[in-house]
Structure formats: structure tokens, C-alpha cells
Amino acid sequence: MQEGLLYCEQCGEDIHIVPDFEPEFEQNIEQNLKDIVKEVSPPSRQLSKGSKAPKSDKIQAGRRKIIAGWAMLVFFVAAVIWIGVKIVQYYSAEYQIEQAVKSTNSARYEDAIHYYERAMELEPTNTDLKLSIAQVYFLKNDKENYEYWLRAIIEDPRTEQEQLESIYGKLIAIYCAREEYQAIHDMLINCPLASIRTTYQNYIAERPQFSVPSGEYEEVKALKMTASGGGKIYYTLDGETPDASKTQYVSPILMEDGDFTVKAVYINENGVQSQVASAWYHITVTELEAPEINLDGGEYDLPYKITVTNNSENIYYTTNGTTPTKNSAKYTGPIPLPLGESHFSFARLESSNSSAVVERTFILSLRTDITPNGAEKLVREYALKNGRILDEAGHFDDTSEHYLFEYLYVTDWKGKEAVYLFAEVLVDEAGGIARTGNYYVVDVYTGEIQMTVM
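Each residue of the sequence shown is one higher than the one before, counting from 3 in this note's numbering.
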């Protein structure tokens, strides 16, 4: 037979190719088949030609069919139940979480992530799941995804405050380790919780706050700048953008006549710079009338009084040569000239505006040998003599209460050109001090004493 022919040249029949095999192999196959048929087939009796199968064989065959049917039904029901269970599990967040926990405990982190992701599909509002999956990435040492999920938690408006406090702490620890302080600042500046911003305020660089709003003013303004934290404020007054190379703010900026464009930044201890705070001011100062004083500076031998001769409203003064402020003594009437040398400064103060300061230096010397200390002894002797006190300590009964005699100043009085004026002061048992309303005048030349009420 030629190669490639599909039919016989002699008979015209199709050619069938049969593989070679050994007779023994064929016999083994036949015997195995017989054994299998024998095992699955019930024993049967040999029937003669034309005879019928016994009734018991038919019953057996029917039972086998019933059993086979029940078996198929049980198999079908089991399959349906299995499929149903799988469907229920697939749509059960509780099951997914349970499997995720088991996978995490077994260090099967990819499986845990898969289960948690499915649970989040079923419960998208459950922020605890985000924290759980972040923890899996942490155990997996996947820092990038760990940080991603922590950020997702703080950006979720449903996250509770207690969780936020913990997550912000974790993220700040991550950024601190990488010295990414700008990232900490940017995160905290957008944090909705003031308590968290307060806790980590040293990482925030908030723009400085100005004590004076932008605007036009007719008085001198002292501008204060404040910022939270232990950093520093730098500013400019000409509109130039400030940075660490500019003037550092250390005390209020006094703005007098003119225009000021103030810009400032705060740089915290980690070198993070805030946004620029800015304000504009137009200051037009109205000049206040300076006080006019009746006495010129110089030496005096009589106790004159210092008087403001023009408008005396809003006049403040000092006696040590310093510039008056609203914390200084306010002028309310003539001021007795003090003994010895004194340095007075007067100014009119309205709002934050000040007039020119008027200064005077006086020296008062009296032509007498009686000093204020000597006059105080004379008053005490006078009080003893008249029974006002019982001893030198000023006691007037058997209690610890007593009188003191306080020197006030030298002045003229009822035709006398110079007297020392003393106030009687009661010191009670608790140490409290109060003037009684009684006064003593001592002639500076003769030492004559009179008691009076003022």
C-alpha cells in the first residue's frame, strides 16, 4: 500500500489504521472490564431462551433507581446549600471581618487586605475598617499604604474625635522621623479640631495676628504682633515680603504720621514659615495742646504749688523724670512743691496720642532748722500731752491698735507761709491702715502745732 493513500487500490474500501498491541494486553483489558461489570451488577440467574426475568430482579432494579434518584436529590440540595452559604458569606461584612482577623493572625496579610476591602464595600461608612486595613499594612511593613490609609481616615468626616487624636499622633510620628515638618504643618493647619491644633501647636506656623485692624487713624498707634508657639516673627513696614532676613519683632511698633504697609511672617522652631499677614495704615496725628505750668524750674525757699494753667483735662505727670503714660499720676489740682530736688514731667494723653512733654526741675530749701522728721516728733509729743495717745508707740488703749503720723508735704496754711502737714493714720489689730480724718500742721519756723480736720 502506497504511503498517503486513503483507500485500497484493490477493493476500493477506506483504509483503517489500527495500532499494534499484544494479545496478553488485550486479555488483561477484557478481564478487568468483566470484573468491573461483576462488581456493579447484581447476581442474575441464567434464563432459558424465551423465559422472563424473576419479579425480585425487577424490584431490585426499581430500588436502585429510587436510591439513585435520592442520591441525586441530596447532591443537588447540598450543592444549593453550599452555594447559598457562599453567597451569604460574600455579602456578610461580619464574616469578611472575621476572616480578615484570622488571616491577620496567621500573617496572611494579602488575604486579610482582600477581606477588609470586601467588608468596606459592604459597610462604606465604617471608619474602623480603614484603621484595621492600615494596621495590616503596618504589619506588612508597607509604609506607603499605611500612611495612605491613615490620611484617608483623617479626611473622612465621619471619623470620631478619639480616633482622630490617635491618627494625627501616628502621622506626626511618621513625618517627624522623616523630618517632614512642612507636611505636619500643612496637615494640622487644615485640621477641624482646635484641641488637636492646640496639642501640636509647636508644629504649626500660623500667620501673625495684628492688634490694630487696617485703616485710617488720627492718633499714634502701637501695633502688637502675636503668634502661637515658640518661634519668631519677622516683619517689614514698606510692603516688602518678609522672611528670616528681615527685622525681628520684639516689641510694639509705634506708628506715627504717615502710611505704613506692614507685612509679617511667623517661623516656628522647626523652620516652617507661615503665610504672610499684612495690613495697611494711614496715620494722621492731631497735635495735642501741651500743658502750661505756672512755675519755671529753679530754686525756691517758699512752698509754692505747681499748677496747670491751661486746659487741665487728661494731664498726666511723673516726679522722677520719666515720660508720662496713662499709668502715671493724673493731674487733678495744684501740686505742693516737694522739699529738696524734684523732676516733674507733664503731658496730655488722649487715646494713644500724646502732646509734647513739659519738664521742670525744682529745688525747694526752707530757711529753718526744723525738718519733717523733727516735726513728726513734735506731733507725737503733742498727742501724748493731750491724751490722744498713751505711749510713744501710739497706742491709745490696751489693744494693739495704734496711731501713726504720716508726713504729707509742706504748704501754706491760714496766713502761715509754710507748715508741715501730717495725717493721723489708724493701724488696726489686723495691720490694716486708714486715715482718721485728723490732721496736724506744724509751723516750719516756730514748731507751733495745731490739730485740724480736712
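For each residue, glycine too, the CB sits at the ideal point set by N, CA and C.
Query raised in the report: Under a three-way DSSP split, which group does N329 fall into?
Result: coil
Report task. Determine the contact status of D303 and R369, defining contact as a CB-CB distance below 9 angstroms. Result -> yes
Report task. Kindly indicate which residue of L166, F364, W415 and P336 has the alpha-carbon position closest to the one of D445. Result -> W415
Query raised in the report: Should the region 216-230 be called in touch with the region 258-271, which here means at least 3 C-beta pairs below 8 angstroms?
Result: yes
Report task. Note down, in chain order, each residue of its chain lying with its Cβ closer than 6 angstroms to the Cβ of P374, except the 5 sequence neighbours on either side. Result -> Y409 and Y422
Query raised in the report: For the candidate residues K307, K88, V359 and G449, whose alpha-carbon lies nearest to that of L341?
Result: K307
Requested in this report: Taking V138 and Y118 to be in contact with their CB atoms under 8 angstroms, please state how far apart those CB atoms are, rounded to whole angstroms.
Outcome: 7 angstroms
Query raised in the report: Roughly how many angstroms lie between the CA atoms of E149 and A114, to the nearest whole one?
Result: 18 angstroms
Query raised in the report: Just reading off the beta strand (DSSP E) that H116 is part of, what are its end residues?
Result: Not the beta strand (DSSP E): H116 falls in the alpha helix (DSSP H), residues Y111 to L124.
Requested in this report: Report the three-state DSSP secondary structure of R437 (helix, strand or coil).
Outcome: strand
Query raised in the report: By Cβ distance, which residues of its chain are closer than 8 angstroms to T401, with the 5 residues on each side in sequence left out?
Result: E431
**Report entry** Nearest-angstrom Cα separation, counted from T413 out to A229
**Finding:** 53 angstroms
**Report entry** Alpha carbon of C178 to alpha carbon of T327, nearest angstrom
**Finding:** 48 angstroms
Query - Selection from F424, E221 and P338 that minimises the alpha carbon distance to G260 - result: E221
Requested in this report: May I ask you to report which of helix, strand or coil DSSP gives P374?
Outcome: helix
Query raised in the report: Hey, how far is the Cα of I235 from the Cα of L131?
Result: 43 angstroms
Query raised in the report: Under the DSSP definition of a beta bridge, which residues are partnered with K307?
Result: P338
Query raised in the report: Bridge partners of L428, per DSSP?
Result: Y405 and A436
Query raised in the report: Going by beta carbon distance, what residues of the same chain come within less than 6 angstroms of E361, once the five residues before and after it are set aside?
Result: S347
Query - Spatially closest choice to E301 from M257, S344 and G64, by CA coordinates - result: S344
Query - Residue span of the beta strand (DSSP E) that contains I198, given as start and end - result: No beta strand (DSSP E) contains I198, which is instead part of the alpha helix (DSSP H) from A196 to T201.
Query - Beta-bridge pairing of H284 - partner residues as DSSP gives them - result: E218 and D261
Query raised in the report: Is it true that the CB of I176 sits closer than 9 angstroms to the CB of K142?
Result: no
Query raised in the report: Going by DSSP, what residues sit across from M453 in a beta bridge?
Result: Y442
Query raised in the report: Does DSSP classify K60 as helix, strand or coil?
Result: helix
**Report entry** C-alpha gap between E41 and R66, whole angstroms
**Finding:** Low confidence applies to E41: its pLDDT is 46, below 50, so where it sits in the model is not reliable, and the reading given next is rough at best. In a straight line, the C-alpha of E41 is about 14 angstroms away from that of R66.
Query raised in the report: What are the boundary residues of the alpha helix (DSSP H) that E361 is part of?
Result: Careful: E361 lies outside any alpha helix (DSSP H), inside the beta strand (DSSP E) at V360 to L366.
Query raised in the report: D240 bridges to which residues according to DSSP?
Result: T263
Query raised in the report: Of the residues N204, E315, N329 and G217, which one's Cα is nearest the Cα of I269?
Result: N204
Requested in this report: List the whole-angstrom C-beta distance separating L152 from L173, where the pair is believed to meet the contact cut-off of C-beta under 8 angstroms.
Outcome: 5 angstroms
Query - Strand pairing of A179, partner residues [DSSP] - result: Per DSSP, none; premise fails for A179.
Query raised in the report: How about the region 205-221 and the region 181-191: do they share at least three Cβ pairs that are nearer than 8 angstroms?
Result: yes
Query raised in the report: So who's on the other strand from S108, going by DSSP bridges?
Result: According to DSSP, which records beta bridges pairwise, S108 is partnered with nothing at all.
Query - Strand pairing of W415, partner residues [DSSP] - result: K418
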